[in-house]
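2 protein chains.
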Amino acid sequence: MADGFAQQLPLANLTVVVNTGDDFEHLGLTICPDLDTVCYMLAGLANPATGWGLRDDSWRAIEQVARLGGPAWFRLGDLDLATHLVRTHLLKQGERLTAVTRHLCAQWGIQPSVLPMSDEPAPTLIVTDEGVLPFQHWFVERQWQPAVREVLLPDDVRASGAVIAALEKADVVVLAPSNPFVSLDPILNVYPIRAMIMDVPEVVVAVSPIVGGVAIKGPAAKMLQERGLPVSPQAIVDYYGDLIDVFVYDRQDQGAVNSPDHELLCTDTIMHDRDARARLAREILAYTEELA
Amino acid sequence: MADGFAQQLPLANLTVVVNTGDDFEHLGLTICPDLDTVCYMLAGLANPATGWGLRDDSWRAIEQVARLGGPAWFRLGDLDLATHLVRTHLLKQGERLTAVTRHLCAQWGIQPSVLPMSDEPAPTLIVTDEGVLPFQHWFVERQWQPAVREVLLPDDVRASGAVIAALEKADVVVLAPSNPFVSLDPILNVYPIRAMIMDVPEVVVAVSPIVGGVAIKGPAAKMLQERGLPVSPQAIVDYYGDLIDVFVYDRQDQGAVNSPDHELLCTDTIMHDRDARARLAREILAYTEELA
Numbered sequence: 001m002a003d004g005f006a007q008q009l010p011l012a013n014l015t016v017v018v019n020t021g022d023d024f025e026h027l028g029l030t031i032c033p034d035l036d037t038v039c040y041m042l043a044g045l046a047n048p049a050t051g052w053g054l055r056d057d058s059w060r061a062i063e064q065v066a067r068l069g070g071p072a073w074f075r076l077g078d079l080d081l082a083t084h085l086v087r088t089h090l091l092k093q094g095e096r097l098t099a100v101t102r103h104l105c106a107q108w109g110i111q112p113s114v115l116p117m118s119d120e121p122a123p124t125l126i127v128t129d130e131g132v133l134p135f136q137h138w139f140v141e142r143q144w145q146p147a148v149r150e151v152l153l154p155d156d157v158r159a160s161g162a163v164i165a166a167l168e169k170a171d172v173v174v175l176a177p178s179n180p181f182v183s184l185d186p187i188l189n190v191y192p193i194r195a196m197i198m199d200v201p202e203v204v205v206a207v208s209p210i211v212g213g214v215a216i217k218g219p220a221a222k223m224l225q226e227r228g229l230p231v232s233p234q235a236i237v238d239y240y241g242d243l244i245d246v247f248v249y250d251r252q253d254q255g256a257v258n259s260p261d262h263e264l265l266c267t268d269t270i271m272h273d274r275d276a277r278a279r280l281a282r283e284i285l286a287y288t289e290e291l292a
Numbered sequence: 293m294a295d296g297f298a299q300q301l302p303l304a305n306l307t308v309v310v311n312t313g314d315d316f317e318h319l320g321l322t323i324c325p326d327l328d329t330v331c332y333m334l335a336g337l338a339n340p341a342t343g344w345g346l347r348d349d350s351w352r353a354i355e356q357v358a359r360l361g362g363p364a365w366f367r368l369g370d371l372d373l374a375t376h377l378v379r380t381h382l383l384k385q386g387e388r389l390t391a392v393t394r395h396l397c398a399q400w401g402i403q404p405s406v407l408p409m410s411d412e413p414a415p416t417l418i419v420t421d422e423g424v425l426p427f428q429h430w431f432v433e434r435q436w437q438p439a440v441r442e443v444l445l446p447d448d449v450r451a452s453g454a455v456i457a458a459l460e461k462a463d464v465v466v467l468a469p470s471n472p473f474v475s476l477d478p479i480l481n482v483y484p485i486r487a488m489i490m491d492v493p494e495v496v497v498a499v500s501p502i503v504g505g506v507a508i509k510g511p512a513a514k515m516l517q518e519r520g521l522p523v524s525p526q527a528i529v530d531y532y533g534d535l536i537d538v539f540v541y542d543r544q545d546q547g548a549v550n551s552p553d554h555e556l557l558c559t560d561t562i563m564h565d566r567d568a569r570a571r572l573a574r575e576i577l578a579y580t581e582e583l584a
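These protein sequences, in sequence, are chains A and B.
Going by this note's numbering, the first residue of the first sequence is number 1, and it counts up by one from there.
Going by this note's numbering, the first residue of the second sequence is number 293, and it counts up by one from there.
Structure, rendered in structure tokens:
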């Protein structure tokens with residue numbers, strides 16, 4: 001979705017606020033999986049086969065970690081490792097994550113502003129039937145199989161000044177078609193992001209991550225079922241409620257959403273390739289311009 | 293030298309106590325260059341071309357670190373990185389460096405006991421004409437060029453129990469032909485290693501790192517000159533003084549050592565290959581047995 005808007009907007013007009021609830025310390029390194037995935041995509045370096053990591057990466061270090069009896073469940077590529085090494089180096093020197101991310105984006109030639117939601121640690125914890133798991137241990141190591149009873153988000157995290165400034169001047173806020181519970185809620189939960197989105201006059205759009213009864217990727221469908229909710233865009237629009245103005249859902253679900261309080265945009269939402277990402281972004285921008 | 297003794301002794305009889313004054317935190321990782329060099333050598337994995345690092349390593353991660361504007365002066369190979377990642381992981385879990393090293397040695401199939409001199413941090417600082425530098429910044433980043441005014445060793449570091457136990461039962465202690473000021477002194481300075489070597493009845497041997505007026509490798513010759521001392525084995529035997537019983541120096545310097553208080557073994561000391569290492573170790577063992 002970020003790449004779609006990057007293709008459609010003057011680059012200085014796009015800010016991507018990224019979940020850092022997934023971040024963790026691993027093998028001594030500070031790893032920010034969502035920041036990296038967004039940046040690799042915007043830099044044109046993303047691995048299209050996996051949806052994470054870098055294209056043309058290799059696995060010598062992590063395979064050697066496995067041989068040495070270390071934890072190899074989080075697959076760090078040799079090139080990808082450099083991102084974590086440099087980030088960790090700069091953080092240890094006292095830089096804030098926002099500044100570190102700006103540095104890395106400059107090296108990658110990324111022009112939109114990519115902002116971690118906060119400079120403070122904000123770890124998401126997953127309360128499962130098998131105990132409380134740090135996010136990546138649940139998501140990657142356990143492949144999101146343990147049933148989720150609750151998502152624990154820290155309640156005292158503050159947004160960075162850069163995020164607040166971006167929200168203050170935003171005309172349109174788009175909640176990407178990510179998992180509402182573990183990808184969007186961690187951002188919305190950072191003070192005062194939810195309140196700013198509720199109060200300020202910009203148009204707020206959400207794109208459904210559920211299409212045709214399944215999640216396009218990840219555990220959103222499974223988590224809806226575990227909450228006793230239908231796996232449908234209706235459950236998503238109901239969940240966001242009055243936080244959003246516009247709900248975008250897929251043509252496959254035409255007629256399946258009924259929400260008198262929202263503007264509804266029914267279109268093709270599955271972003272198979274660069275062009276599809278640009279088209280969806282263009283449609284959302286055109287729709288919100290018409291509203292305004 | 294360690295490899296020579298490993299070829300000559302029953303492996304359970306050999307303990308290698310290693311300088312950890314060179315250790316440093318870099319890019320988030322705990323790096324122990326001397327431990328790694330010793331272990332890679334004993335495992336048969338050392339890179340013979342460099343004298344450090346692993347054979348057949350690659351440089352994708354560190355070259356990417358350079359591209360991202362990070363510090364790349366300490367050349368971490370992709371396979372070598374795994375050592376630091378696993379070590380850092382285990383240390384962060386609360387393991388001591390002695391136990392971490394034992395774990396890694398087991399993975400590498402190393403049978404002699406390889407012991408860090410201490411489980412406490414013991415950073416060597418180099419006071420130079422250009423300021424105080426942490427050891428690796430002087431040795432690697434600045435390629436030991438800034439003139440050394442003083443080597444600062446911490447005065448409150450204690451040996452591990454494993455080192456003390458090994459010294460208690462040692463028949464022969466050999467100070468390897470390393471730099472006396474920055475490789476041996478950091479070990480001897482750890483309490484109570486110097487006192488144990490002085491007091492206990494084992495035979496203490498030192499091998500000269502100076503041959504034919506030069507250091508076989510590293511800054512020993514330059515450091516002798518900066519101290520106003522001759523670049524000769526005589527300067528080394530004088531420096532160790534009554535700490536040692538036997539002094540081993542090279543045939544190239546025959547007649548150049550005069551030290552009535554020491555037993556002198558003049559032989560070929562340059563260890564070009566595995567066989568040369570084994571031969572020197574064999575000669576030292578034979579000589580000390582004759583003494584005893």
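Just so it is clear, CB atoms sit at the ideal spot from N, CA and C, and this is done for glycine as well.
The alpha-carbon separation between Asp34(A) and Met198(A) amounts to approximately 24 Å. The beta-carbon of Arg60(A) is placed less than 7 Å from the nearest beta-carbon of chain B.
For the C-beta of Thr88(A), the chain B residues within less than 7 Å are, from N- to C-terminus, Leu319 and Gly320. Sequence-ordered contacts of the segment 386-419 of chain B with chain A read His395, Leu396, Ala398, Gln399 and Trp400 [C-beta pairs closer than 9 Å].
CA-to-CA, the gap between Phe24(A) and Gly320(B) works out to about 13 Å. Apart from sequence neighbours up to five positions away, no residue of its chain approaches His429(B) with a beta-carbon distance below 7 Å. In the structure shown, Ile284(A) falls within a helical segment according to DSSP collapsed to helix, strand and coil. Here Trp400(B) really is in contact with Ala335(B); their C-beta atoms are around 4 Å apart, less than 8 Å. Per the Cβ contact rule, the segment 284-292 of chain A is in contact with the segment 200-217 of chain A (3 or more Cβ pairs under 8 Å).
Here Ile576(B) is buried: its Cβ has 16 or more other Cβ atoms, across all protein chains shown, within 10 Å.
Per the C-alpha coordinates, the member of Cys324(B), Ala462(B) and Gly361(B) positioned closest to Thr307(B) is Ala462(B). For Phe539(B), the enclosing beta strand (DSSP E) covers residues Val538 to Asp542. Beyond the five residues adjoining it in sequence on each side, Ala221(A) comes within less than 6 Å, by CB distance, of Val214, Ala215 and Val231 in the same chain, given in chain order.
The segment 376-383 of chain B makes no contact with the segment 351-364 of chain B, as fewer than three CB pairs between them are under 8 Å. At a cut-off of 7 Å between C-beta atoms, Val357(B) counts as an interface residue with respect to chain A. When 8 Å is used as the limit between beta carbons, Pro71(A) is near these residues of chain B: His381, in chain order. It is roughly 59 Å from the alpha-carbon of Ser405(B) to the alpha-carbon of Ser208(A). In the same chain as Leu97(A), and ignoring 5 residues on each side of it, the C-beta atoms closer than 6 Å to its own belong to Pro116 and Asp119, in chain order. Taking each of Ile502(B), Arg367(B), Ser475(B) and Val449(B) in turn and checking the Cα distance to Met563(B), the smallest one comes out for Ile502(B).
For His89(A), the three-state secondary structure derived from DSSP is helix. When the Cα atoms are used, Asp3(A) and Ile236(A) turn out to be separated by approximately 23 Å.
In the displayed model, Cys39(A) falls within a helix according to three-state DSSP. DSSP, reduced to helix, strand and coil, places Arg450(B) within a strand of the structure shown. With respect to chain A, the C-beta atom of Asp370(B) has a partner C-beta closer than 7 Å.
Using a Cβ-Cβ cut-off of 9 Å, Thr329(B) is close to nothing in chain A; its nearest Cβ partner there is about 17 Å away. Within chain A, the C-beta atoms nearer than 7 Å to that of Leu373(B) come from Ala61 and Leu81, in chain order.
Here DSSP, grouped into helix, strand and coil, assigns Ile210(A) to strand. Sequence-distant partners of Pro154(A) (beyond 5 residues in either direction) whose C-beta falls short of 6 Å from its own C-beta, in its chain, are Ala122.
Residue range Val440 to Leu444 is occupied by the beta strand (DSSP E) that includes Glu442(B). Straight-line spacing of the CA atoms in Arg282(A) and Asp314(B) works out to 57 Å.
Only buried fits Gln526(B), as 16 or more other CB atoms lie within 10 angstroms of its CB. Between Gln7(A) and Ala278(A), the C-beta gap is smaller than 7 Å, which places the two residues in contact.
Cβ contact annotation for Gly218(A) (same chain, cutoff 6 Å, sequence separation greater than five): Asn179, in chain order. Flagged as an interface residue toward chain A: Leu360(B), by a C-beta distance shorter than 7 Å. Taken through DSSP and simplified to helix, strand or coil, Ser118(A) comes out as coil. Along the segment 505-535 of chain B, the alpha helix (DSSP H) occurs as fully enclosed runs of 4 or more residues at 512-518 and 525-532, listed in sequence order.
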